[in-house]
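Engineer:
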Amino acid sequence: MNVFLAIIIAVVALAILGFAVYALRSVGQSAAREAEARPASPSRPMPLVTDFHVKGETASVFFGVPLGEEEAGDHLTELLSASAVEYVREKVDDGLPLEGVHEIAVYATRNGEPVLLDTVDLPSVGELPAEAPILSRDPEAHDPIEALAAVQSDTSVRPPSDRGDRLEPVSELVVLSGPTEAHLRAIGIDTTSMSLDDLVLGLFRVSGYNVEVGRPGFTGMKSVDPADVFSASRSGSTSLVVVIEHVEGSYPELDDSVLSEFAVAVAQINPQRAMLITDKFGPYTIYERERRDKRTVFVTRERLQGFVDSFGLT
2 MNVFLAIIIA
12 VVALAILGFA
22 VYALRSVGQS
32 AAREAEARPA
42 SPSRPMPLVT
52 DFHVKGETAS
62 VFFGVPLGEE
72 EAGDHLTELL
82 SASAVEYVRE
92 KVDDGLPLEG
102 VHEIAVYATR
112 NGEPVLLDTV
122 DLPSVGELPA
132 EAPILSRDPE
142 AHDPIEALAA
152 VQSDTSVRPP
162 SDRGDRLEPV
172 SELVVLSGPT
182 EAHLRAIGID
192 TTSMSLDDLV
202 LGLFRVSGYN
212 VEVGRPGFTG
222 MKSVDPADVF
232 SASRSGSTSL
242 VVVIEHVEGS
252 YPELDDSVLS
262 EFAVAVAQIN
272 PQRAMLITDK
282 FGPYTIYERE
292 RRDKRTVFVT
302 RERLQGFVDS
312 FGLT
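Below, the structure is given as structure tokens:
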């Protein structure tokens with residue numbers, strides 16, 4: 002009798018164990034299917050929302066995106082309208098009811114005041130449209146640092162006819178395409194008054210890079226403020242980025258001693274890639290240094306436009 006009871010207990014235990022294993026596998030497979038079906042979150046940063054409310058038939062989304070004095074371009078309008086829809090979608094997923102809502106009003110800012118940029122009509126009352134293609138474009142499909150090979154091999158650097166001590170600011174020097182300006186404004190950069198830091202870090206961020214201030218072990222450049230040393234990482238690759246901005250009244254050409262400091266710092270920390278970006282003019286020695294160390298790229302004033310264009314933002 003005891004043997005028979007023991008057999009029954011063993012069979013029941015095995016059945017329970019088998020059921021538990023099956024249940025765990027089913028849960029794991031279900032979770033995997035859900036993960037595959039769930040769209041990947043966008044790599045590009047989304048515009049900053051400063052306010053949101055629903056009144057009557059209208060849901061209003063206010064972005065802290067600075068507009069210039071002229072009318073916003075089509076690309077910026079499309080980008081913010083699509084972002085507003087996705088912001089409302091997040092609110093709906095969190096339990097916000099959309100009964101009675103016919104439209105989404107999209108606002109940006111001009112001189113600190115909200116400005117109506119566009120109105121998105123919903124397909125039907127309370128129904129949101131599908132995600133717009135402008136948000137589903139993969140910023141990682143293009144590697145701007147690889148594209149900088151063309152900038153690096155550009156031999157068009159020539160002494161300008163007049164090198165005065167006053168250099169025009171970056172906001173006046175570079176020409177931004179409509180999409181590039183739209184993406185920069187969408188993350189809060191006023192392109193009419195941006196600094197070199199704003200431009201460089203903004204381009205990396207809207208291209209899907211994670212940008213952090215500082216780089217562990219970087220101590221070799223006494224002439225550079227630690228706040229102007231960055232790590233830009235994406236898809237397992239990390240680049241050292243050093244930004245040197247021209248100070249009005251200082252010599253307009255990058256000094257060779259700064260290049261030497263940069264070379265020493267790069268040798269010390271051995272990064273995968275290293276970029277020195279400046280709005281000063283570049284000495285001819287940058288070509289020899291780039292030939293000696295293929296990891297390094299010097300983006301000087303003569304190359305800034307090519308650097309901006311290499312990001313290929315759409």
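Position one of the sequence shown corresponds to residue 2 (this note's numbering), numbered consecutively onward.
Idealized CB from N, CA, C, for every residue including glycine.
Which residue from S232, L49, I278 puts its Cα closest to that of E87?
Structural biologist: L49
Engineer: Quick check: R274 and L241, are their CB atoms within less than 8 Å of each other?
Structural biologist: yes
Engineer: According to the neighbour-count rule (16 or more other Cβ atoms, all chains shown, within 10 Å of its Cβ), is K281 buried or exposed?
Structural biologist: Taking every protein chain shown into account, the CB of K281 has 16 or more other CB atoms within 10 angstroms, so this residue is buried.
Engineer: What are the residues that DSSP puts in a beta bridge with H54?
Structural biologist: S61
Engineer: Just the C-alpha distance for D226 and P284, rounded to the nearest angstrom, thanks.
Structural biologist: 21 Å
Engineer: According to DSSP, which residues form a beta bridge with A109?
Structural biologist: V116
Engineer: Please check the pair T181 and L314, which I expect to be a contact at CB under 8 Å, by giving their CB distance rounded to whole angstroms.
Structural biologist: 5 Å
Engineer: CB-CB under 6 Å to T59, same chain, minus the five flanking residues each way: which ones, in chain order?
Structural biologist: E104, A106
Engineer: Can you give me the Cβ contacts of D191 inside the same chain, cut-off strictly under 6 Å, excluding the 5 residues immediately before and after it?
Structural biologist: These residues qualify, in order along the chain: P67.
Engineer: Keeping to the same chain, check which residues put their C-beta closer than 7 Å to that of P115; ignore five residues upstream and five downstream.
Structural biologist: F63, Y108
Engineer: Taking only heavy atoms of the ligand ZN into account, decide whether any of them is closer than 7 Å to the Cβ of P227.
Structural biologist: Among the ligands in the structure shown, none appear at all, so the ligand ZN cannot be discussed.
Engineer: Hey, G65 and G203 are a contact pair by Cβ (cut 8 Å); roughly how many whole angstroms apart?
Structural biologist: About 14 Å; that fails the 8 Å criterion.
Engineer: Can you grab the Cα-Cα spacing for the pair L255 / V300, in whole Å?
Structural biologist: 11 Å
Engineer: Starting from the C-beta of A36, find all residues in its chain whose C-beta is less than 8 Å away, skip the five residues before and the five after it, and write them out in chain order.
Structural biologist: Caution is warranted here: a pLDDT of 39 is assigned to A36, below 50, making its placement in the model unreliable, and no coordinate value can be reported.
Engineer: May I have the straight-line CA-CA distance separating L81 from M47, to the nearest angstrom?
Structural biologist: 9 Å
Engineer: According to DSSP, simplified to helix, strand and coil, what is V171?
Structural biologist: helix
Engineer: Roughly how many angstroms separate the alpha carbons of G127 and E79, rounded to a whole number?
Structural biologist: Rounded to whole angstroms, G127 to E79 spans 21 Å at the Cα level.
Engineer: How big is the Cα-Cα spacing for G113 and S194?
Structural biologist: 15 Å
Engineer: What ranges does the beta strand (DSSP E) occupy inside the region 230-267, keeping only unbroken runs of at least 3 residues that lie completely in it?
Structural biologist: 230-235, 238-245
Engineer: Quick check on V89: does DSSP put it in helix, strand or coil?
Structural biologist: helix
Engineer: In the DSSP assignment, what are the bridge partners of I278?
Structural biologist: V244, V300
Engineer: Just list the residues that DSSP pairs V225 with in beta bridges.
Structural biologist: Answer by DSSP bridge pairing: none, since V225 is not bridged.
Engineer: Who does V214 pair with in a DSSP beta bridge?
Structural biologist: F231
Engineer: Among K223, S208, D229, V212, whose alpha-carbon lies nearest the alpha-carbon of V309?
Structural biologist: S208
Engineer: With a 10 Å radius around its C-beta and 16 neighbouring C-beta atoms as the bar for buried, classify L117 as buried or exposed.
Structural biologist: With fewer than 16 other Cβ atoms within 10 Å, it is exposed.
Engineer: Hey, would you say H247 sits closer than 8 Å to L168, going by beta carbons?
Structural biologist: yes
Engineer: Expressed to the nearest angstrom, what Euclidean distance is found between the alpha-carbon atoms of P160 and S61?
Structural biologist: In this prediction, P160 has a pLDDT of 42, which is less than 50 and means its spatial position is unreliable; what the coordinates show is noted afterwards. Computed Cα separation, rounded: 52 Å.
Engineer: Taking 6 Å as the limit between beta carbons, can you name the residues of its chain near F53, skipping five residues before and five after?
Structural biologist: V62
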